[in-house]
Structure formats: structure tokens, C-alpha cells
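Residue numbers (the numbering used here), protein chains in the order written: chain A, 78 to 304; chain B, 78 to 304. In this text, a Cβ means the ideal position worked out from N, Cα and C, and glycines have one as well.
Protein chains: 2
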Amino acid sequence: MIRLSGLGKEFLLGDQRVHALRDINLRIGRGEYLSIMGPSGSGKSTLLNLIALLDRPSNGDYLLNDRNVTGLDDDSLARVRRENFGFVFQFFHLIPRLTAAENIEVPLILAGQEPRQRRARVQEAMASYGLIDRAGHRPDQLSGGQRQRVAIARATIMRPAVILADEPTGNLDQTTGKQVISLLEQLNQEGITLILVTHDAAIGEHATRRIKLIDGMITEDTAELAA
Amino acid sequence: MIRLSGLGKEFLLGDQRVHALRDINLRIGRGEYLSIMGPSGSGKSTLLNLIALLDRPSNGDYLLNDRNVTGLDDDSLARVRRENFGFVFQFFHLIPRLTAAENIEVPLILAGQEPRQRRARVQEAMASYGLIDRAGHRPDQLSGGQRQRVAIARATIMRPAVILADEPTGNLDQTTGKQVISLLEQLNQEGITLILVTHDAAIGEHATRRIKLIDGMITEDTAELAA
Ligand SMILES: Nc1ncnc2c1ncn2[C@@H]1O[C@H](COP(=O)(O)OP(=O)(O)OP(=O)(O)O)[C@@H](O)[C@H]1O
Ligand SMILES: Nc1ncnc2c1ncn2[C@@H]1O[C@H](COP(=O)(O)OP(=O)(O)OP(=O)(O)O)[C@@H](O)[C@H]1O
Ligand SMILES: [Mg+2]
Ligand SMILES: [Mg+2]
């Protein structure tokens, strides 16, 4: 379903090139549960952004469900992204003027759902993530871990085909982190492809397939070992 | 040196009161090494902000070196804060238009240090935190963990009397996280009071004194056990 071949990303800083990712070859099937680990600065967020069509590669190809999405214009990219991906950002990107409940509701509004149905789904999501009594708080009135959970609820509420989570437990205590991971794993049980970037080895090891990134390159892929 | 008595903080949301902290009694001596752990939303960041004079309590008293700092005006508060505290924010608060090096340099400029001395100290700080080849990057051109390290370098570069770090390894891999903690512990060895909020039990247990916060109240304080 996701096929990256020879994918690379470099950033230009003045006349300096930063090779954030090089020669990424990766095939991810529908319903897989994959973790990506690696040192700070190794390219994990960059890779996640490319998969979720939030950014364009500098070289290589990206086939999504056999369709080449590498050369799409911005509008098509945005549409394919909305239809396929739920993204939990490393730093959340919540809308400052909206409450927790309103932030979570945004994807449902974009999808054209009815108010009554939206209300019910937002309630359910908030209950799952322990946010019911913070529903009316705006992001600056929430703790770090509460904002993180709002971001996760928002990313998952539409049951997208693929959920990408960039360090989803970085601001959570052990107990809350485990609850969040188990909720994400439940979605994976329902058939949703789950891709987690994490610095927590306990969480990374829990995935059925584990990828290691160092200096912009994949150095380990447990799917390759089995081959 | 830090004496909190009956300290409380509540937020007003419309007509609702959120009791973020209640009846905090805490004495922290010079040179102590203290960790604060607790569930997401339990009041850790709020407590750290009160100690660092970034916020005012709703009730109770705060004596800093025997001086009551509870009722100070904004300018005096800012001066006492700058003279005593180095703060690593949970979400960094770097200045977007400045490079990594310039962000780290800010406290030195505020302290009136000479350019040559500033350059040397910034170089040393960047070397310690593995940021030398990211010196010219702005925050949006850095990875999450690189931004976190810039925030830590900035908070520690003036060797303040007290360093408060709000989840300083939340975006770091194991190895980088350990390096960062050992640098902070070295500063503590030099006599600097170190207060760490963390969700990482391995890091929390490493402190000589450990405090647990639940629902805005201190439920455990290893200093009390010894008494
Ligand atoms: N816009 C940019 N311009 C230049 N360099 C960049 C830019 N964005 C990221 N980088 C660099 O690319 C590399 C990879 O960044 P990325 O954010 O993917 O790392 P990461 O693995 O997610 O790290 P972390 O674990 O710290 O979040 C880093 O070294 C970073 O400095
Ligand atoms: N400005 C505000 N208005 C209303 N409530 C607030 C405000 N700021 C924080 N809170 C609430 O106060 C409580 C404590 O927040 P705090 O940020 O101190 O938690 P924390 O222990 O640091 O959590 P985390 O581990 O998730 O970072 C939370 O329940 C939060 O929702
Ligand atoms: Mg990252
Ligand atoms: Mg916090």
C-alpha cells in the first residue's frame, strides 16, 4: 500500500545541504503495525512527513496504493492526505483559538458530518483519552500531556486508513502512555495501518515490525530479517 | 533557599475553578537534586512555573533565600527570576527568528557579557549538547530533540543558582537523554540546585530526592521519609 523507492530528502541552508534522508526503500502493507526508532536528528519526523504527504521528497518515488503520488500538485496532495492519513505531530499543532473538543471535531467537520453525529463521536473520543473535563479548555489551558492526547484524538477520530504518530507518549506518564498505545493498537486490530515513531524502547519493541533509522538511512528492518 | 508554604494555584475558566495545585509545602535547600513525577495533568509544570517566578500563586507564601517573593511587582519578579533561575520549558519557547547559536547566546547578552566571551561560551555549550553543526539552523530547521537541547543549553549557560527542567528528555533517544542528564548532574555537582520534572522513571529515580504529585498535591517526598 505504501511503497517508497530510493526516497531522499535534503534541505538547503544557504549553500549547505542537509541530507535528512537518503535512499529509503520501504514497503508497508495494509494493516501493518510498525515502529520507527533512532537517535535524535536521524530523520524520523522527516520520513513520517513524507509518508503522510506533508512534504515532498527531493528524489525517489512514492507509490500509494499503486498510484505515484510523488508529482502531485498541492491540492491533489492535500486531498489524498486527508483521505488516507491521520497524523499526530511531535508538537501537536493544535488550533490555539479552539477548545479541546473543537480541535478534535475539526476532521469531522471537514468530512461533512452532521452536528449530532459529530457531538457523539467527539464525546466518545474524549472519554477514551480522559479529556471529558477538559473539553472546554483551549490548548494554552491544558497540560502538555493533555494537548498530546487532544492531538491523538483528533488524528484518530475519522478512523483513517493509516495513522502516523510522531512520539505520541513523549509527554505522558507510564500509565497514560500505555492507555494511549493500547487505544492505537485497538485501531490497528480493526485493520488500520499504524506507524509509530518513538524514543521509548518498551513501546517500540511492542510493534510487530521495527525499523531503525540512523543518519537518514534505514539500518535495520525486522521485516527484512524474516526474508 | 526555596520555601513554599500552603502554596496553591487555581485557574478560572468562565465560572469554573481548576485547582491545579493545593496546599504545597516544600523546602528545597541549596544544591539539592530533586525530581518531580506524577500523572499527566497533576500540576508539575504549574509547580515549576511558580518556583521559577513565571507565575503567581493564588494563595500561600513563597520565600526565596528568606525573602518573601510572593507579592513582588512584575519588574522585580523578572529581575529575581533572571538572577536565580534557568528554565527548560516543556515546549522550549525558542525564539523563531534566531538561530540555535543565537538562542543559546541570549542570556549572555542580557547579562552584558563581551562578544568574544559569549562566542567561546556558546561554542562550549553547543559542543556539550552535540549542536555544533546545527548552529546556524533556526528552530523550524531543527529536529524536536535538537530544539530541546538548544533549550537546555540556553537555560544552563549562565550557571544559574537553580536549574528547573520540565521533561528535558521527552524528545530524546536513550543515549542522548543520558548524556543530557549527566551534564545537568555535573552542574549539580558544582553546587547548582537541580529540579527535574520527568515522566521517565529511570531518570526520576536517579535524583537524590524524589517528589510525587497527584491531583495538585504532594503525596510522597523522600526527604520526609528520612525524617
Ligand atoms: N527545514 C530544515 N532545514 C534544514 N535542516 C533540517 C530541516 N528540518 C530538519 N532538518 C534536519 O534534518 C535532520 C532530521 O530531522 P528530523 O526532524 O527528521 O529528525 P528526528 O529523527 O525526528 O529527530 P528527533 O528525534 O530529535 O525528533 C536533523 O538533523 C535536522 O536538523
Ligand atoms: N491556564 C489554565 N487554565 C485552566 N486550567 C489549566 C491552565 N493551565 C493548566 N491547567 C490545568 O491545570 C492542571 C495542571 O496542569 P500542568 O500543566 O501543571 O500539568 P502537568 O503535571 O505538567 O501535566 P503533563 O505531565 O501533562 O505535562 C491540568 O489539569 C490543566 O488542565
Ligand atoms: Mg522528530
Ligand atoms: Mg507539564
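Limits of the unbroken alpha helix (DSSP H) element including residue i
{"i": "I314(A)", "result": "With chain A running from 78 to 304 in the structure shown, residue 314(A) is simply not present."}
{"i": "G222(A)", "result": "221–233"}
{"i": "L127(A)", "result": "121–128"}
{"i": "E262(B)", "result": "251–266"}
Whole-Å CB distance - residue i paired with residue j, under 8 angstroms assumed
{"i": "G268(B)", "j": "G108(B)", "result": "5 angstroms"}
{"i": "G222(B)", "j": "S117(A)", "result": "3 angstroms"}
{"i": "S122(A)", "j": "D292(A)", "result": "In fact, because the Cβ distance is near 14 angstroms, the residues do not count as touching under 8 angstroms."}
{"i": "N102(A)", "j": "L125(A)", "result": "With 8 angstroms as the limit, N102(A) and L125(A) do not qualify as a contact, their Cβ atoms being about 16 angstroms apart."}
{"i": "A228(A)", "j": "V165(A)", "result": "5 angstroms"}
{"i": "V239(B)", "j": "N180(B)", "result": "About 21 angstroms; that fails the 8 angstroms criterion."}
{"i": "G213(B)", "j": "L89(A)", "result": "Not really, about 13 angstroms apart at Cβ, beyond 8 angstroms."}
{"i": "T296(A)", "j": "D277(A)", "result": "Incorrect: roughly 19 angstroms between the Cβ atoms, too far for contact."}
{"i": "M78(A)", "j": "T270(A)", "result": "7 angstroms"}
{"i": "V157(A)", "j": "L140(A)", "result": "Actually they do not touch by this definition, with Cβ atoms about 12 angstroms apart."}
{"i": "D250(A)", "j": "G115(B)", "result": "7 angstroms"}
{"i": "I128(B)", "j": "L241(B)", "result": "6 angstroms"}
Residue i classed as buried or exposed, judged by whether at least 16 other C-beta atoms fall within 10 angstroms
{"i": "N136(A)", "result": "exposed"}
{"i": "S220(A)", "result": "buried"}
{"i": "N145(B)", "result": "exposed"}
{"i": "Q93(A)", "result": "exposed"}
{"i": "Q263(A)", "result": "exposed"}
{"i": "N265(A)", "result": "buried"}
{"i": "G281(B)", "result": "buried"}
{"i": "I272(B)", "result": "buried"}
{"i": "R226(A)", "result": "buried"}
{"i": "I209(A)", "result": "exposed"}
{"i": "T275(A)", "result": "buried"}
{"i": "A279(A)", "result": "exposed"}
{"i": "P192(B)", "result": "exposed"}
{"i": "T253(A)", "result": "buried"}
{"i": "L302(B)", "result": "exposed"}
{"i": "R287(A)", "result": "buried"}
{"i": "D298(A)", "result": "buried"}
{"i": "A204(B)", "result": "exposed"}
{"i": "N248(B)", "result": "buried"}
For residue i, the first and last residue of its enclosing beta strand (DSSP E)
{"i": "G85(A)", "result": "79–90"}
{"i": "D298(B)", "result": "294–298"}
{"i": "Q93(B)", "result": "93–105"}
{"i": "D210(A)", "result": "D210(A) -> no beta strand (DSSP E), and no H or E assigned at all."}
{"i": "S73(B)", "result": "Nothing in the structure corresponds to residue 73(B), since chain B is present only between 78 and 304."}
{"i": "R66(A)", "result": "Because residue 66(A) is not part of the residues shown, which for chain A are 78 to 304, the question remains open."}
{"i": "N242(A)", "result": "The sequence shown places Ala at residue 242(A), rather than the Asn named in the question. Taken as a continuous stretch (DSSP letters only), the beta strand (DSSP E) holding A242(A) covers 239–243."}
{"i": "T270(B)", "result": "270–274"}
Close Cβ partners of residue i (< 8 angstroms) along its chain, the five nearest in sequence each way excluded
{"i": "L185(B)", "result": "Q194, R195, R198, V199, I234, M235"}
{"i": "A188(B)", "result": "M235"}
{"i": "S119(A)", "result": "L290, I291, D292, G293"}
{"i": "D132(B)", "result": "K86, T123, N126"}
{"i": "G83(A)", "result": "D100, I101, N102, N136, G137, D138"}
{"i": "N142(B)", "result": "M78"}
{"i": "Q190(A)", "result": "R198"}
Close-in-space but distant-in-sequence residues of the same chain around residue i (CB under 7 angstroms, 5 per side omitted)
{"i": "P216(A)", "result": "L171, P173, R224"}
{"i": "V95(A)", "result": "E87, F88"}
{"i": "A304(B)", "result": "Summary for A304(B): the model assigns pLDDT 45, below 50, so the residue's position carries little reliability, and this model does not support an answer."}
{"i": "T176(A)", "result": "A212, G213, H214, R215"}
Residues of its chain near residue i, where Cβ-Cβ distance is below 6 angstroms and the 5 sequence neighbours each way are ignored
{"i": "R65(A)", "result": "Here chain A comprises residues numbered 78 to 304, so residue 65(A) is not present and cannot be evaluated."}
{"i": "A230(B)", "result": "I181, A202, Y206"}
{"i": "A178(B)", "result": "V199, A212"}
{"i": "Y110(A)", "result": "N265, L271, A284, T285"}
{"i": "L154(A)", "result": "L130"}
Any non-hydrogen atom of ligand 6 within 7 angstroms of residue i CB
{"i": "D243(B)", "result": "Judged by which ligands are present, ligand 6 is missing from the structure shown, whose ligands are ligand 1, ligand 2, ligand 3 and ligand 4."}
Contained beta strand (DSSP E) runs [length at least 3] in the stretch 128–195 of chain A, N- to C-terminal order: 136–141, 162–165
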